[in-house]
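Mapping of the sequence shown onto our numbering: residues 13 to 435, in sequence order.
Every residue gets a Cβ at the ideal spot worked out from N, C-alpha and C, and that includes glycine.
Below: the structure, in structure tokens.
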Amino acid sequence: MATRLNDKQIKSLLRKGEPGYTGVGNGLRFRISNEGTGFWVFRYKANGKRRQITLGKYPELTLAKAIVEAAKHQIEVKQGVDPLAEKKRPESAKIQTVNDLAADWLKNDIGKRLKHPHIPRRVFEKDLAPYFGELSLNRISPLDIRHAIEAITASGRPTVANDALGYCKQLFRHGIRLDLMKTNPADAFTVRHAGGIEKSRSRALTIDELTTVFKVFHDSADQFTRDNYLAAALLLTLGIRKGELIAAKWSEFSGDGTLWDIPKERSKTGEAITIPLPPVAIGWLEELHMRACGSEYVFPSRRASKRRGYISDDTLNHALAKLFGQKVRPGDPPANKLGEAGIEHFTVHDLRRTCRSLLAGAGVPGHVAERCLNHKLKGVEGIYDRYDYLDERREALQKIADLLTPIINHDSHTNVTTFKRRA
């Protein structure tokens, strides 16, 4: 029969230290373990079986609080809920805000099925979380989604706005799957409400345009740093992807510096590739090696960062955008130096497309040009042709280097030396 305990009686039981249970009422019991420690337990019946759940340790859980906890569980049992079974379930209560949901989505969905999960992570953390990341899941609304997406579009990044909208839909669909939400606040929006229907880009710069562009780059060293200048030169001359370049390590270059081995882990195609370096590119890398001041990365982070040791994915994009007069940070928009020089807008990725156009103009066969850009060969040719065309690519990239060197180096008689691969 249950005994109504008080704190004085509990302390007396603990002094005696006899293992066993003392009933309090409504399923609540005070238990003394073999070690003499006091615990509160709640006994009940679920699905025809007697069950018991530990509520907490005395005196951390006081008598008054234990009575309240037991009363809550009594109500749950009457509603058909098994408290012990509920305790063993994943703690969905931890996912309360949009930031909480995003962390689960990025880890358990995006992280498992995408090769480059850092892209949606970056878009969420930079462009979405500041607007609604701290909101609880029952407060997020379509107006919050619209506000964030319109802000991205207004910043001159329509493609990112479309991507962000797509990520929003995936994120809240994940919440519905976990039964944390009943509706998707992003579902009613389409690309028409974001960045608009995207057109395939075909922008490739001419030699005359490149001459003007690199002159503006050179004359705007206070905005477009020397590191940015050399990065643009390498992107254009080698036709590599921005992500492959900015994350490069010195250990990836051969002992004499004439070859660059991009490992499969960093290649978008998932296959390693060796890039033959023209002498002028080796000279640019030699300068970058000195400017890196001992960093393992070719383009070390310019700010202290715990996330990674190389520059942000947006560094080059922002630097170029500012020369087109686009405001990328709070404050007055900068002067449109490239526009005033007669240059139609282009993006960092257009430098890669320009390289492909120059390769075609130089008479480089298509399959060689495609391998220069680290594209997989398509169809039957891609299946059976495992030859990597290293010598042909070396000759092709040298043609591009000969064409671009006077434009990029400005007849500066840059010394071309060979840097040693760092251990």
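- Comparing C-alpha distances from residue 81 to each of 21, 54 and 93 shows the shortest one belongs to 54.
- Fewer than three beta-carbon pairs drawn from the region 73-87 and the region 105-117 are found closer than 8 Å, and the two stretches are therefore not classed as touching.
- For residue 287, the enclosing beta strand (DSSP E) has its first and last residue at 285-288.
- Every beta strand (DSSP E) of 3 residues or more that sits fully in the region 264-328 is shown, in chain order, as 271-274 and 285-288.
- Residue environment for residue 422: exposed (fewer than 16 other C-beta atoms within 10 angstroms of its C-beta).
- When DSSP assignments are scanned along the region 34-108, the uninterrupted stretches of beta strand (DSSP E) that are 3 or more residues long and fall wholly within it turn out to be 40-44, 50-58 and 61-69.
- By the neighbour-count criterion, in which 16 or more other beta carbons inside 10 Å mark a residue as buried, residue 334 falls on the buried side.
- For residue 369, the three-state secondary structure derived from DSSP is helix.
- Judged by DSSP in its simplified three-state form, residue 138 adopts helix.
- Here the region 379-390 does not lie against the region 192-207, with fewer than 3 beta-carbon pairs under 8 Å apart.
- In summary, residue 254 is buried, with 16 or more beta-carbon neighbours lying within 10 Å of its beta-carbon over all protein chains present.
- Ranked by Cα distance from residue 369, the options 180, 178, 216 and 184 are led by 216.
- Your pair residue 329 and residue 360 checks out as a contact, with CB atoms roughly 6 Å apart and the cut at 8 Å.
- Taking C-beta atoms under 8 Å as the contact rule, residue 29 and residue 44 qualify, at a distance of about 7 Å.
- In the three-state reduction of the DSSP assignment, residue 214 falls in the coil class, being assigned neither a helical nor a strand state.
- Judged by DSSP secondary structure, residue 112 falls within the alpha helix (DSSP H) whose first and last residues are 110-117.
- Remark: C-beta atoms of residue 154 and residue 200 approach each other more closely than 8 Å.
- If you ignore the 5 residues before and after residue 96, its C-beta comes within less than 6 Å of the C-beta of 63 and 65, all in its own chain and listed in chain order.
- Comparing alpha carbon positions, the residue from 286, 378 and 176 closest to residue 159 is 176.
- In this structure residue 362 is buried. Its beta-carbon is surrounded by 16 or more other beta-carbon atoms within 10 angstroms.
- Linking residue 131 to residue 364 through their CA atoms gives a straight-line distance of about 20 Å.
- Comparing alpha carbon positions, the residue from 331, 313 and 332 closest to residue 324 is 313.
- For the options 219, 263, 218 and 148, the alpha carbon positioned closest to that of residue 184 is the one of 148.
- Taking residue 135 as the centre and dropping the five residues before and after it, the same chain places the C-beta of 172, 175, 176 and 179 closer than 8 Å to its C-beta, in chain order.
- Excluding residues up to 5 positions away in sequence, 139, 172, 173 and 176 lie with their Cβ nearer than 6 Å to the Cβ of residue 164 in the same chain.
- When C-beta atoms of the region 220-233 are compared with those of the region 334-353, three or more pairs fall below 8 Å, so the two segments count as touching.
- Exclusion of the five residues before and after residue 58 leaves 94 as the residues of its chain whose Cβ lies within less than 6 Å of its Cβ.
- The criterion of a C-beta distance shorter than 8 Å is satisfied by residue 290 and residue 249.
- With a cutoff of 8 Å on beta-carbon distance, residue 34 and residue 26 are scored as not near each other.
- Assigned with DSSP and collapsed to three states, residue 194 falls in coil, not helix or strand.
- Considering only 311, 345, 412 and 90, the residue with the shortest C-alpha distance to residue 375 is 412.
- Looking at the DSSP output, residue 32 shares a beta bridge with 44.
- Contact check for residue 300 and residue 292: beta-carbon distance about 13 Å, past the 8 Å limit, so the pair fails to qualify.
- Exclusion of the five residues before and after residue 48 leaves 29 as the residues of its chain whose Cβ lies within less than 6 Å of its Cβ.
- Pairing residue 18 with residue 75, the inter-Cα distance amounts to about 7 Å.
- Only buried fits residue 239, as 16 or more other CB atoms lie within 10 angstroms of its CB.
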